[in-house]
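Residue numbers (my numbering), protein chains in the order written: chain A, 1 to 152; chain B, 1 to 123; chain C, 1 to 155.
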Amino acid sequence: MGLENYLSNATMEVFASMIFIDITPESPSGEPMPEIEPNLSSLIGLAGDLKGILAIHCPSAVALGVTAAMLGMEVTELDEDVKDAIGEIANMVAGGLKESLAAEDKKIELAIPTTVIGKSIRTSGLSGATRAMVTFSSPLGRFGVELRFILS
Amino acid sequence: MAKNVLLVDDSSTMRKIISRSLRQAGLDFGEIYEAGDGQEALAMLEKETIDIVLSDINMPNMNGIEFLREKSNRPAIKDIPVFMISTETGEDIIGEAKSLGAIGALKKPFTPDKVNEVLGPLM
Amino acid sequence: MNSCTEINDRLIESTIEIFTGMVMMDISVAGEPMNKLGPLKKSITGMVGLAGTHKGVLAVHFPKQVALAVTSNFLGMEVEEINEDVQDAIGEIANMLGGNLKTILSDRGKDIQLSLPSTIFGDEYAFSSQAEVDQVILPFQAPAGLFYVEVELER
């Protein structure tokens, strides 16, 4: 269905517009990519023609660096600003996905972003859901954008 | 001449992000003031010299639409140009904003080029 | 806030109903509604997003022991670790609570849809929404321990 493409494009657009950090999507080369082990995950629910959950998974270094770039200030810990910044990225990537789906005549609405910060956090959707995942590399490290969904 | 901007958004993080975006656009912005909702925005407009307003739509206390409505009733500030900051909100809300006096909209995520395109003509 | 108390009461009612009816577990309210939860240790959180005229999140936070007990009752099987069955069971609880919350809010003429339920788990994590939300956390007592139902609604 090309959802990986939508995720990739939406993420690239957000990073190119408001974050000014170069990111490169890692194309699946046939070999399994190492899992992202996040310290921070921002999740946002999607409802409507597609029911899903979009997540941005970041190790600390990426979350801190991205926030610093977005806000134009130094950020040394995973605080409110980081939660809001990565949450906002999740919101905008989901917004981009919404636009791409609208072009296919699929209508979705967004919920609100929630951020989870911790040690060895894992997220999962319903076991029957489809999973689309794109990982990116950046000067700060790798991060992932994941969509779990079912079509209504 | 440097233009002063008022950013209206309930998220202080979002205001910092937009502030940074504006500075990156390279336009001659002077002071960047901030307000957390429509009420605060009206108070700031009455108090400070502000040339352009960028406002979010969804805010507690007084949202972007209510802000536009109230602003249009105040002679001292009604003509200050307002641009809405939107996310994936539909065309209809922007339409309503424009009918209440908003000049245009900037849809997130926006590039410095987009900021230039939309705000440049006012500088 | 009047509307909040009413929502809280109905949510408490439906949580108890779901647990008594579907999970076959007796639970009771464990105190006043809270507005902050510290970091969650060795826990699992089920969550579902609400979208439409009201945007928000419903989350239910279970310490491991309670999650295992809930899953055992719900699925009629013993579980020892947080595995896929536990994730699904907890996700389903969040989904049902979300559905009830949707009805509670919809009664007032709101048009709301639910997202896909998901779960988060880990050794230690802090869970938070964006700053500008109305938030309430309802504590419940289950035989195996305390758990919390959290609602965040955009103002």
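Every residue gets a Cβ at the ideal spot worked out from N, C-alpha and C, and that includes glycine.
Around the C-beta of S21 of chain B, 16 or more other C-beta atoms lie within 10 Å, and the residue is accordingly described as buried.
Using a Cβ distance threshold of 9 Å, M59 of chain B and D28 of chain B do not count as a contacting pair. Within chain B, D10, N58, M59, P60 and N61 have C-beta atoms less than 9 Å from the C-beta of R155 of chain C, given in sequence order. If you ignore the 5 residues before and after D9 of chain C, its C-beta comes within less than 6 Å of no other C-beta in its own chain.
In terms of Cβ geometry, A61 of chain A and G141 of chain A form a close pair [threshold 9 Å]. Annotation for G91 of chain C: the continuous alpha helix (DSSP H) segment containing it runs E84 to S106.
Cβ-Cβ distances below 7 Å link S118 of chain C to M47 and G91 in the same chain, with the five nearest sequence neighbours on each side left out; the list follows chain order. With contacts defined by Cβ atoms closer than 9 Å, G45 of chain A and K16 of chain B do not form a contacting pair. Boundaries cannot be given for E48 of chain B, as no beta strand (DSSP E) includes it and DSSP labels it neither H nor E.
At a cut-off of 9 Å between C-beta atoms, S17 of chain A counts as an interface residue with respect to chain B. Neighbours of A129 of chain A in chain C, taken as residues at a C-beta separation under 8 Å, are given in chain order as L116. Under the DSSP assignment, K83 of chain A falls in the alpha helix (DSSP H) whose first and last residues are E80 to A103. Look at F20 of chain A: its C-beta is under 9 Å from a C-beta on chain B. Of the candidates C:L37, C:F62, C:Y125 and C:I104, the residue whose Cα lies closest to the Cα of A144 of chain C is C:F62. Here E109 of chain A is buried, its C-beta having at least 16 other C-beta atoms within 10 Å.
Cβ-Cβ distances below 6 Å link P25 of chain A to S8, V134 and F136 in the same chain, with the five nearest sequence neighbours on each side left out; the list follows chain order. Contact annotation for F110 of chain B against chain A: S17 and M18 [CB-CB distance below 9 Å, chain order]. The three-state secondary structure of Q135 of chain C, taken from DSSP, is strand. Within the model, the alpha-carbon separation for R74 of chain B versus D92 of chain B is close to 25 Å. Proximity of chain C to F149 of chain A at the Cβ level (cut-off 7 Å) is accounted for by L116, in chain order.
Interface residue (Cβ-Cβ distance to chain B less than 9 Å): L71 of chain A is classified as such. When C-beta atoms of the region 136-150 of chain C are compared with those of the region 46-60 of chain C, three or more pairs fall below 8 Å, so the two segments count as touching.
It is roughly 7 Å from the alpha-carbon of E146 of chain A to the alpha-carbon of R131 of chain A. Under the three-state reduction of DSSP, S72 of chain C is assigned to helix. When Cβ pairs closer than 8 Å are counted between the two stretches, the region 63-80 of chain C is seen not to touch the region 98-108 of chain C, the count staying below three. If the five residues before and after S55 of chain B are omitted, its C-beta is found closer than 7 Å to the C-beta atoms of V8, A41, G64, F67, V82, M84 and I85, all from its own chain and listed in chain order. Nearest CB-CB separation between S55 of chain B and chain A: not below the 9 Å threshold. G96 of chain A belongs to the set of residues whose beta carbon lies under 9 Å from a beta carbon in chain B. When the Cα atoms are used, E13 of chain A and Q39 of chain B turn out to be separated by approximately 33 Å.
Comparing alpha-carbon positions, the option among A:F149, A:V116 and A:D22 lying closest to S127 of chain A turns out to be A:F149.
For S99 of chain B, not one C-beta of chain A is nearer than 9 Å to its own C-beta.
When secondary structure is reduced to three states using DSSP, D111 of chain C falls in the coil class, being assigned neither helix nor strand. By the C-beta density criterion, A102 of chain B is buried, having at least 16 other C-beta atoms within 10 angstroms. Looking at the DSSP output, S99 of chain B bridges to nothing.
The residue from A:V116, A:M70, A:L3 and A:S42 with its alpha-carbon nearest to that of G87 of chain A is A:S42. According to the DSSP assignment, K114 of chain B belongs to the alpha helix (DSSP H) that extends over P112 to L119.
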